[in-house]
Amino acid sequence: MKTYIIKIFYIYGYVPISSMRLKTIILISLGILTFQDSYSQKPVQVIPLADSTGFTVESSTKDLGNGFYDHGVASPISNHRGVVTTVDGNGRNVVLVWLFDHRGGYALLMIDALSGKSEEFPIQFDPKQDTPYSSILSSDNKFYTLFRDHFTEFDPVKRAFTFTKGTMPQMAMAMTEDDKGKIWAVTYPNSGIVSFDPKSRELKDYGYVNKENWRQYQRALAADDSGWIYFGLGNASTQIFAFDPKTGVAKGILPSNERRLGQALVYRDLNGKVYGQTTGTVDDEWYELYKGQGKKIGLYKNRQLKPITTGSQNLFDTNFPDGKVLKTLDLVDRILITEDPKTKKSTKVNFNYTSDGAIVMGIGTAPDSTIVGGTAFPMRFFNYNLKQDKWVNRAALGQFNALVNQKNKVYFGVYNGGHLIEWNPAKRWVRTVQGNKDSNPIYYANAGHDIVRPFRIIAHPDGKTVIMGGTPEYGLTGGGLLFWDNNTQKSQLLSDSDVVKDQSSISLVPLPNGKLLGGTTTVPGTGGEKKANEALVYIMDMATKKIEWQKVLFHGAQEYSEMRVGPEGLIYGIVDKKTFFVFDAASKSIVHQQDIAAKFGLTTAEQSPRIFVEGPKGEFYLLFAKGGIVKITPQTYEMKLIATSPGPIKAGGDYLSGRIFFVSGSHLYSYKLTPGN
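Residue numbering for the sequence shown follows my numbering, starting at 5 and increasing by one per position.
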């Protein structure tokens, strides 16, 4: 009997027979072929570093013409978004893996556990950077997920996708199977309900069943034996919903006084009922849920979970039907290890897959004249040596969102958790462990709930202070500021109430006389409630950490995307990625503003966008999402387009050795400045 792991946490629409049918089929087929061809990549062979701390790859910079160069993929590996163990049509043990890179969930990887032979099956729709957040292996051995508004079924016996159809947006956060074999999904961001009957092949989209003024996360879904469906809601305010498939109506179980920050839990018990908790903590009372009704039962200690192979994007099912166990699936080194529990014999095989590279969060120039940065999914650190045309890639503490240099060190603001770490390029790399002073990068501070997702990190001209801002914990609203003093080796953390309530600092600029200029965003923590209507700028006294002045400079603005000290001490800024402005901090007034989106489109964007690039003589450049590189003329603020990248500019941006470096897709690009530019 197979042991299951539970982790709670179109074929296109039918074309009627008509004179248009053949033409439609041909067009769809050509579209699929074109889409698959555009997503075809060559497998990459990683080369381990001599110190075993990471890897490098063979690289060769490509001249793209017109001054642009492609230095390669920053991190040529993918991340799994759900792994299950099962058998194929020949009864052989196989591992099914949803593959995810910067393009989104692009393929299903099927690996023979004994031989390592792998096959890749491209997703039958454009993921548009979306990816699975939940999946399920059904009792009849089909693998399902729902993302980018498409529900899809993969059959490992037929080695093919056997059903794909569109739904209401966007992706399943939880999935389950009811007692009749129907597959159910509940979707972010508006609690949509979808069911699929594998027997009739009918997909039913019930639409959205709950309305909130924040993006809804549903990390648990279950069905009782009477056919009612239940899901737990988070993050800004928990709730347990009971959904009746007959009427298509959902009703809340928790009274308003029990709803709180967090994620509600539900699970299916072997007794046929569903049980739930307000937040899933140990001391929470349990609700017994059955036939659409809920009643409190206090603590419930005799839980017996019904075996269903489902979970979040972290789903990692390890038990094959014959009792063998998946011990390791390493997408970095392409290694798969299985073990027979009876004989304790392990089998290690190598496999391969294609990848166009992980998401690059942004880049900067390090004191050793290399380009450094981090990637997401998987979380990796990289640095690129232009002179040697060589990459180094290592495992990172987390997602390196923001970076800055101070006294020949690099400071990173790290998601998830708002960690502050320091890397010394002159010393050997030692994996970061909190409390280990020999680590390099060394761990310094944590911002707790006040900054989980760093948006900006700056080094103060005093040579000792590093300041970090960003958005708060999931479900919360308003981020704080973290101050790190390198002399005392101590940190000070401010909450949003100490800075700007219900807003987060996305731009930070040091000012003369011990002042700090900040620009906010109204965006809450992930899954949180947006409470502020307009972003603003503020001036803080560094000594007292008190706000001395604040003002809404642009009515209706939602973020001050970036601000930098420009020529003559004036502040250059970008609002909502579309308006350029110049601010005089002394007079607290705007001396210039202009719409730049009409001519160049929106500026580049990431969680820490680095829109401005300062050249060797103090000149400033702007990076635009569509690929434009624009030089700003001082005093007149004329915008001159000096070049257009052959690919979009996803994230910026820094200057090194006569070049502007930036991110395009998953690649590191550079533009070589000419004397005139």
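Ideal Cβ positions, reconstructed from N, Cα and C, are used throughout, including at glycine.
Express the C-alpha separation of residue 497 and residue 548 in angstroms, rounding to a whole number.
One C-alpha to the other measures close to 13 Å.
Within 10 Å of its beta-carbon, does residue 20 have 16 or more other beta-carbons around it, so buried, or fewer, so exposed?
Confidence at residue 20 is low in this model, with a pLDDT of 34, below 50, so the placement of that residue should be treated as unreliable; the coordinate-derived value is given next. Flag for residue 20 reads exposed.
Return the chain-ordered ranges of every beta strand (DSSP E) run that is complete within the segment 228-278 and spans a minimum of 3 residues.
233-239, 243-248, 253-256, 269-272
So who's on the other strand from residue 60, going by DSSP bridges?
Its beta-bridge partners are 51.
So which of 254, 515, 400 has the shortest CA-CA distance to residue 237?
Looking at the Cα atoms, 254 is the closest of the given residues.
Across the segment 616-632 and the segment 344-359, are there enough close Cβ pairs to call them in contact, namely three or more that are closer than 8 Å?
Between the segment 616-632 and the segment 344-359, the count of Cβ pairs shorter than 8 Å is below three; the stretches do not touch.
Between which residues of its own chain and residue 575 is the CB-CB distance below 8 Å, once the five residues before and five after are set aside?
513, 521, 567, 568, 569, 586, 587, 588, 589
How long is the line joining the alpha carbons of residue 30 and residue 128, rounded to whole angstroms?
Residue placement at residue 30 cannot be trusted, given a pLDDT of 35 that sits under 50; what the coordinates show is reported in the next sentence. So the two alpha carbons sit approximately 15 Å from each other.
Straight-line gap, residue 495 to residue 369 (C-alpha atoms, nearest Å)
25 Å
Given a threshold of 16 other Cβ atoms within 10 Å of its Cβ, counted over all protein chains shown, does residue 206 qualify as buried or as exposed?
exposed
Less than 8 Å separating the beta-carbons of residue 594 and residue 557?
yes
Taking the beta carbon of residue 418 as the centre, do at least 16 other beta carbons fall within 10 Å, making it buried, or is it exposed?
buried
Out of curiosity, what's the CA-to-CA distance linking residue 487 and residue 344?
52 Å
Selected residue, minimal CA-CA separation from residue 220, among 83, 468, 178, 210
178
Residues bridged to residue 458 (per DSSP)
DSSP lists 474 as partners of residue 458.
Would you kindly report the start and end of the unbroken alpha helix (DSSP H) that includes residue 604?
601-604
Are the beta-carbon atoms of residue 257 and residue 247 separated by less than 8 Å?
It is not a contact, given that the beta carbons lie outside the stated cut-off.
Beta-carbon separation of residue 166 and residue 159 under 8 Å?
yes
Buried or exposed, going by whether 16 or more other CB atoms sit within 10 Å of the CB of residue 671?
buried
Three-state secondary structure (DSSP) of residue 679:
coil
Once DSSP output is grouped into helix, strand and coil, what is the label at residue 122?
Strand, per DSSP.
What does DSSP give as the partner residue(s) for residue 665 in the beta ladder?
658, 674
Is the separation between the beta-carbon of residue 396 and that of residue 58 shorter than 8 Å?
yes
Assumed close pair residue 659, residue 618 - CB separation to whole angstroms, cut-off 8 Å:
Sure, about 6 Å apart at Cβ, within 8 Å.
Does the distance from the CB of residue 86 to the CB of residue 139 come in under 8 Å?
yes
With burial defined as no fewer than 16 other Cβ atoms inside 10 Å of the residue's Cβ, what is the status of residue 559: buried or exposed?
exposed
In this structure, does DSSP put residue 501 in helix, strand or coil?
helix
At which residues does the beta strand (DSSP E) containing residue 84 begin and terminate?
83-91
So what's residue 610 in DSSP terms, helix, strand or just coil?
coil
Secondary structure of residue 718, DSSP reduced to three states:
Shown here, the chain extends from 5 to 681; a query on residue 718 therefore has no answer.
Local Cβ density within 10 Å of residue 188, reported as buried at 16 or more and exposed below that:
buried
Less than 8 Å between the beta carbons of residue 321 and residue 113, yes or no?
no
Should residue 410 and residue 470 be called a contact, given that it needs their Cβ atoms to be closer than 8 Å?
yes
Beta-carbon proximity list for residue 42, same chain, < 7 Å, skipping 5 on both sides
Residue placement at residue 42 is poorly supported in this model, since its pLDDT is 36, which falls under 50; the coordinates still yield a value, given next. Cβ neighbours of residue 42 beyond the five flanking positions: none.
Where residue 47 falls, given that 16 or more other Cβ within 10 Å makes a residue buried:
exposed
C-alpha gap between residue 65 and residue 673, whole angstroms:
9 Å
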